[in-house]
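Worksheet for the structure shown next.
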Amino acid sequence: MRLSFAPLLPRASALWRRWLLVVALGLLASACNTLGNLGDNASSLNRPSEIGLDSSLRLAGAALSGGDIDSALRLYRAAVLDHPGALEAHRGLANAYYSVKAYPEAEAAYRRLATLQPTAAKPVLGLGRVALAAGDHAAATQHFQAALTLAPDDAQAQNGLAVAHDFAGDHKAAQTLYAAILTRNPTNRAVANNLALSKALSGALPQAIEALTDLSDGPTIMPEARYNLALAYAMQGDEVAARRLIQRDLSQEAMQDTLAFYRTLSPQTASR
6 MRLSFAPLLP RASALWRRWL LVVALGLLAS ACNTLGNLGD NASSLNRPSE IGLDSSLRLA
66 GAALSGGDID SALRLYRAAV LDHPGALEAH RGLANAYYSV KAYPEAEAAY RRLATLQPTA
126 AKPVLGLGRV ALAAGDHAAA TQHFQAALTL APDDAQAQNG LAVAHDFAGD HKAAQTLYAA
186 ILTRNPTNRA VANNLALSKA LSGALPQAIE ALTDLSDGPT IMPEARYNLA LAYAMQGDEV
246 AARRLIQRDL SQEAMQDTLA FYRTLSPQTA SR
């Protein structure tokens, strides 16, 4: 699970929603037009019982990677129906729903997987990701803490819990977790990116800008870090630098909207 921060989107309606939009949860484009015709249409494709479970899951994964969401979900659903005890089928369906922002379906699928794997951290981790995507930091915190009870050294659960703390405005707790992950794995640039933005939102702008400058340049550049660097500059009052960083990627209107959004995020408002 990657929970690094990404380009900000304009016209968010509330601060918690704005903060949510800062977090990149590895989501694909909206699937509101692709989920309406699922139903029993899985029968229109070869079922796992006909082509084998492994082949069906490979086809589903390839369809999802290729953007054929309908076919991927039909195959995963058919696999679950034909092989109700197959963990990979349940996991694939849950992850597929999550990837297309079908959060109620993803939550239900992760809960089913959790009943099949009551001592595994990954299904609970999935529930935490869904809660974060829904902006429910309290539920996300509970899920990530439960995942860490099952797998105390799971870096994804620690990172998720840190992001949940940032959602809640508890940047100190978040930064402690990020730092712990980086102590074990200093090359985890996604977590370093999260830590830098957390520092920006807690008011440590010079430190954040220094870290994000390193992350947004060089051979292992992180595009997300460049947007977060723009945000940090804007929070510091240097809108010229912020504009320079984002203007090549955005239309004039989108850039103005993004800069307007940046202006709403001071360390004080972010903490609230």
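Using our numbering, you'd call the opening residue of the sequence shown number 6 and step up by one each time.
We put the beta carbon where it would ideally sit given N, CA and C, even for glycine.
Keep in mind the model is a prediction, meaning the values are calculated, not measured.
Whole-angstrom distance between residue j and residue i, CA atom to CA atom
i, j, result
"Val-196", "Ser-76", "34 Å"
"Met-240", "Tyr-267", "7 Å"
"Leu-64", "Pro-109", "24 Å"
"Leu-283", "Tyr-232", "Residue 283 lies beyond the stretch modelled for the chain, which goes from 6 to 277, so this question has no answer here."
"Leu-270", "Leu-206", "8 Å"
"Gly-208", "Tyr-238", "12 Å"
"Gln-161", "Gln-261", "34 Å"
"His-95", "Ser-203", "34 Å"
"Ala-216", "Arg-248", "19 Å"
"Arg-194", "Asp-222", "12 Å"
"Leu-200", "Asp-87", "44 Å"
"Leu-130", "Glu-258", "37 Å"
"Gln-163", "Ile-186", "7 Å"
"Ala-156", "Arg-253", "42 Å"
"Asp-158", "Ser-256", "43 Å"
"Ala-213", "Tyr-81", "42 Å"
"Thr-120", "Leu-132", "13 Å"
"Ala-230", "Asp-219", "9 Å"
Contact check, residue i vs residue j, beta carbons under 9 Å
i, j, result
"Leu-118", "Ala-145", "no"
"Ile-74", "Ala-67", "no"
"Ala-91", "Ala-83", "no"
"Tyr-103", "Arg-134", "yes"
"Ala-173", "Ala-143", "yes"
"Leu-62", "Glu-93", "yes"
"Ala-152", "Ala-136", "no"
"Tyr-115", "Pro-123", "no"
Assigned secondary structure, residue i (DSSP; H/G/I helix, E/B strand, else coil)
i, result
"Ser-104", "helix"
"Lys-127", "helix"
"Thr-192", "coil"
"Pro-157", "coil"
"Phe-266", "helix"
"His-88", "coil"
"Ala-209", "coil"
"Ser-221", "coil"
"Gln-163", "helix"
"Arg-79", "helix"
"Met-227", "coil"
"Ser-61", "helix"
Residue i, buried or exposed, once every other Cβ within 10 Å from all chains shown has been counted against 16
i, result
"Gly-57", "exposed"
"Ile-226", "exposed"
"Asn-198", "buried"
"Gly-97", "buried"
"Val-168", "buried"
"Ser-70", "exposed"
"Asn-100", "buried"
"Asp-59", "exposed"
"Val-105", "buried"
"Ala-184", "exposed"
"Pro-228", "exposed"
Residue i: CB within 8 Å of a non-hydrogen atom of the ligand ATP
i, result
"Leu-62", "The model on display carries no ligand, and the ligand ATP is accordingly not part of it."
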